[in-house]
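Numbering (the numbering used here), first residue to last: 22 to 594.
Have a look at this one:
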C-alpha cells in the first residue's frame, strides 16, 4: 500500500470562538500544548493515538476502502507501532455505525483459559497476590484481537484480508523510527520487560531498551503477520502461531492451551442505548461496564441544568462526582459477562432508576462513599489501552477500543512470534470486595470462571441525533475510561464545545472507592476549595484518558480531535 503524504487543513469548527493554544495538564511532569482547532475532513477522518497507524488507515480510505477496512488495518498496524497497547495478543470492543444507520457491536474481549479457577490468584492465606494476576504467565487471557478483526472485515469490509494486513507487515519488516513516547514507555516498563528473554530480544538493543531515534524492526512479528495474512485466523488459533503461544505458556507455567485457542470466538452484542437531552447514545454492553454506566451517569445528570451551572464549576463537578459514585457502586455488584451472569441492564439504564439515585444527592455536601452501597434491584441474582475513531464518505463509522490491560500487558513476548500477551486476568475479581490494579472493586458476578470474559471499562461510543451521526469517541484509561467519555459527550452536548475543545478540557473522576475526587490540573483554585468545603477529598494528579474523537458538523463536514495527552493524530481528507 502506498505511503501517504500527510496533508490536511486545519479549520475552526462552527462552535469555536477562539483559535488559540490551550495549555492543559500533560504527563505527570509537564504541560502539553494543544490547539483548540479541530482537523477538518470532507470525505474521511481518522483519529488515533499513534500517527503511523492513523496515516495507514487514512490511506485505506483514500484508496476506496470503507471505515471497517481502515479499522482492521489500524488494528494490525497498532500491533507493530504501538505494542504497549496495540496488539495481537489482547482484545477489545468495536462499535460500528453502518451507512444504513444501524449500529452494531463486536465483542472480541479475551477469555479465561479452561484451567482457570476462582482462587488462582490467592496466596496461602487467601489474599490476592498481585504479582500472579498482573506480571506472571497466569495473567494472560485467551487473545481475541485477530478473530475480532477478521469477523469485522468478513461481515462489513470491502478489501481482502491480506490487503488489510499488508501495511502492518511492511512496517514490521522494514521498521520505523522509535518515537520519544515509545522509548519513554519502554524505559518506564524496563524492569517488567527485562524479565523475559523473548521480550528483551524484541525491545532491547545491546542490553538496554531501544531509544528515541533508533530504527526498530520486528522480523518475528513480520513472519507472524504474514502467516495470519496467508492463512487467516486459523494460523493464530489452530496453526503454527497457536503452537508458539502454547509452547511459551507451557515453558513458563501459563494456562492457555491449544483447546483454549481453538474454542475462542468473538461475538456480536446488542449495543447499549440511551438518550441524553434528545441525543441517542450508543455504547458497549457487557462484558464491558462502560456503556451501562455511561448511560446511568448521564441519566442522573439529565435532571440538572448542567449548562447553566457552568463547565467545571464546583457545583457541576460535585453532582458529576456524586452520580459517578452511584454508578461505580453498582458496577461492583452487578456487572460481569452475561454469558455467565444475569445483569439487570434495563434497570441500570432506566431513567426512573436514575431519578431515584439523583434524589439521594445532596447539593451542598458530598456523600461519603462508605455510605453508598449498590442499589438493591429486585429480581437480581447474583494505562494501557488505545482507542481510535474512523468515518468514511458514506457514513460508515467505527469506534474501537483495544487493550493488553497494562502497558505492554504481561510483558511476555510469545517466543518466535514477536507479539506480547495480555494480563487481562487481573480484570476479574480475584476476591470479591478486593480492588484490582485500577482500584475497582468487583463482586461474584465478575469472579474467575473458565471461558468467561473479564469485565472491562472500555466504552467505544457513538452519538446520533434524529438518526444522523454527531459524535464518535472513546478512550484508554482503565477505570477512568467511562468518566472520560462521559465528559467528552457532556462537553459537546451541554457546553456546546467544538470537538477539540471538548477533548482538551481538564477532566475529573470519581469511582466510588477509593473515596477520592481526582482532578487534572487546570481547575480554578476557588473551584477546588469549594469542592473541599463540600466534603470531597480532592487529589490533583497527572492526566486521564486520551479521547480520540470525531464530530460530524451540521454542514456534513468531519472534525477530528486527537487528545494532546498522547502523541496521536487526527487526519482527514
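Even for Gly, the Cβ is constructed at its ideal location relative to N, Cα and C.
### Message
Quick check: what's the CA-CA separation for residue 91 versus residue 173?
### Response
Locating residue 91 in the chain shown gives position 70, counting from the first residue. Locating residue 173 in the chain shown gives position 152, counting from the first residue. The straight-line gap from Cα to Cα measures roughly 11 Å.
### Task
Could you tell me which residues DSSP puts in a beta bridge with residue 230?
Sequence index remark: in the chain shown, residue 230 carries index 209 (1-based). Paired residue(s): 225.
### Task
Report all residues from its chain with a CB closer than 7 Å to the CB of residue 144; omit the five preceding and five following residues, and keep chain order.
The sequence position of residue 144 within the chain shown is 123, counting from 1. Cβ within range, chain order: 150.
#### Entry: Contact check, residue 304 vs residue 564, beta carbons under 8 Å
As a first step, residue 304 must be located in the chain shown, where it is residue number 283. As a first step, residue 564 must be located in the chain shown, where it is residue number 543. Going by C-beta atoms, residue 304 is not nearer than 8 Å to residue 564.
### Task
Assign residue 149 to one of three DSSP states: helix, strand, or coil.
Working through the chain shown from its first residue, we reach residue 149 at position 128. Of the three classes helix, strand and coil, the one that applies to residue 149 here is strand, per DSSP.
### Message
Whole angstroms are fine: how far does the CA of residue 568 sit from the CA of residue 53?
### Response
The residue given as residue 53 occupies position 32 in the chain shown. The residue given as residue 568 occupies position 547 in the chain shown. Low confidence applies to residue 53: its pLDDT is 37, below 50, so where it sits in the model is not reliable, and the reading given next is rough at best. Straight-line Cα distance between these residues: approximately 15 Å.
### Query
Over what stretch of residues does the beta strand (DSSP E) that includes residue 539 continue unbroken?
Working through the chain shown from its first residue, we reach residue 539 at position 518. Unbroken beta strand (DSSP E) run through residue 539: 538-540.
### Query
Among 288, 57, 180, which one has its Cα closest to the Cα of residue 87?
Taking the first residue of the chain shown as position 1, residue 87 is located at position 66. Taking only the C-alpha atoms, the option nearest residue 87 is 180.
### Message
If we require 4 or more residues per run, which alpha helix (DSSP H) segments fall completely within the segment 512-554?
### Response
520-525, 546-554
### Query
CA-CA distance, residue 440 and residue 166?
Within the chain shown, the letter at position 419 stands for residue 440. Within the chain shown, the letter at position 145 stands for residue 166. Answer to the nearest angstrom: the Cα atoms are 12 Å apart.
### Query
What's the call for residue 27, buried or exposed, on a 16-neighbour Cβ count within 10 Å?
Position 6 of the chain shown, counted from the start, is the residue given in the question as residue 27. Confidence at residue 27 is low in this model, with a pLDDT of 34, below 50, so its placement is unreliable and the value that follows should be read with caution. Label assigned to residue 27: exposed.
### Query
Sorted by chain position, which residues of the same chain lie with C-beta nearer than 6 Å to residue 587's C-beta, five sequence neighbours on each side aside?
Along the chain shown, read from residue 1 onward, the residue named residue 587 stands at position 566. Result list for residue 587: 70, 567, in chain order.
### Query
CB-CB under 6 Å to residue 393, same chain, minus the five flanking residues each way: which ones, in chain order?
Counting from 1 along the chain shown, the entry for residue 393 is found at position 372. Counting only Cβ-Cβ distances below 6 Å, and skipping sequence neighbours, we find 346, 350.
### Inter-residue spacing [alpha-carbon to alpha-carbon] between residue 224 and residue 214
Residue 224 sits at position 203 when you count from the first residue of the chain shown. Residue 214 sits at position 193 when you count from the first residue of the chain shown. Their Cα atoms are separated by approximately 8 Å.
### Message
Can you look up residue 474 in the DSSP assignment and give me helix, strand or coil?
### Response
Residue numbering aside, residue 474 sits at position 453 when the chain shown is read from its first letter. The answer is strand: DSSP assigns residue 474 an E or B state.
### Message
Please list the terminal residues of the continuous alpha helix (DSSP H) segment that includes residue 203.
### Response
Locating residue 203 in the chain shown gives position 182, counting from the first residue. From DSSP, the alpha helix (DSSP H) with residue 203 extends over 201-209.
### Residue nearest to residue 406 in terms of C-alpha spacing, selected from 416, 240, 425, 114
The residue given as residue 406 occupies position 385 in the chain shown. Ranking the options by Cα distance to residue 406, first place goes to 425.
### Query
Distance, Cα to Cα, residue 293 vs residue 312?
Taking the first residue of the chain shown as position 1, residue 293 is located at position 272. Taking the first residue of the chain shown as position 1, residue 312 is located at position 291. The alpha-carbon atoms of residue 293 and residue 312 are separated by roughly 6 Å.
### Query
Can you tell me whether DSSP reads residue 43 as helix, strand or coil?
Here residue 43 refers to the residue found at position 22 when the chain shown is read from its first residue. Here residue 43 scores only 28 on pLDDT, less than 50, and its place in the model is too uncertain to base an answer on.
### Task
Quick one: using the 10 Å Cβ neighbour count with 16 as the cut-off for buried, is residue 378 buried or exposed?
As a position in the chain shown, residue 378 is number 357, starting the count at 1. Counting Cβ neighbours within 10 Å, residue 378 comes out buried, since at least 16 surround it.
### Query
Which class does residue 444 belong to by DSSP, given the choice of helix, strand or coil?
Position 423 of the chain shown holds residue 444. Coil, per DSSP.
#### Entry: Within the segment 46-106, ranges of the beta strand (DSSP E) (whole runs, at least 3 residues)
53-56, 60-62, 66-69
### Task
Can you give me the start and stop residues for the alpha helix (DSSP H) that residue 347 sits inside?
In the chain shown, residue 347 corresponds to position 326, counting from 1. Looking at the DSSP string, the run of the alpha helix (DSSP H) that includes residue 347 is 335-355.
### Query
Buried or exposed: residue 11, going by 16 or more other Cβ atoms within 10 Å of its Cβ?
Coverage of the chain is limited to positions 22 through 594, which leaves residue 11 absent and any answer about it impossible.
### Message
Can you look up residue 558 in the DSSP assignment and give me helix, strand or coil?
### Response
The count along the chain shown starts at 1 and reaches residue 558 at position 537. Coil.
### Query
Do the CB positions of residue 97 and residue 186 come within less than 8 Å of each other?
Working through the chain shown from its first residue, we reach residue 97 at position 76. Working through the chain shown from its first residue, we reach residue 186 at position 165. For residue 97 and residue 186, yes; Cβs fall inside 8 Å.
### Reduced DSSP secondary structure (H/G/I, E/B, other) of residue 198
One-based indexing of the chain shown puts residue 198 at position 177. In this structure, residue 198 counts as strand in the three-state DSSP scheme.
### residue 418, enclosing beta strand (DSSP E) - first and last residue
Your numbering for residue 418 matches position 397 in the chain shown. 418-424 is the span of the beta strand (DSSP E), which, as asked, contains residue 418.
### residue 400 - DSSP class collapsed to helix/strand/coil
What you label residue 400 is simply residue 379 of the chain shown in a count that begins at 1. Annotation note: pLDDT 45 at residue 400 (below 50); position unreliable, no value reported.
### Query
Are residue 62 and residue 578 close, meaning C-beta to C-beta below 8 Å?
Position 41 of the chain shown holds residue 62. Position 557 of the chain shown holds residue 578. Against a cut-off of 8 Å, the Cβ pair of residue 578 and residue 62 comes out as a contact.
### Collapsed DSSP secondary structure at residue 576 in the structure displayed
By 1-based counting over the chain shown, the position of residue 576 is 555. Of the three classes helix, strand and coil, the one that applies to residue 576 here is coil, per DSSP.
### Message
Quick check on DSSP: helix, strand or coil for residue 492?
### Response
Numbered from 1 along the chain shown, position 471 holds the residue referred to as residue 492. In this structure, residue 492 counts as strand in the three-state DSSP scheme.
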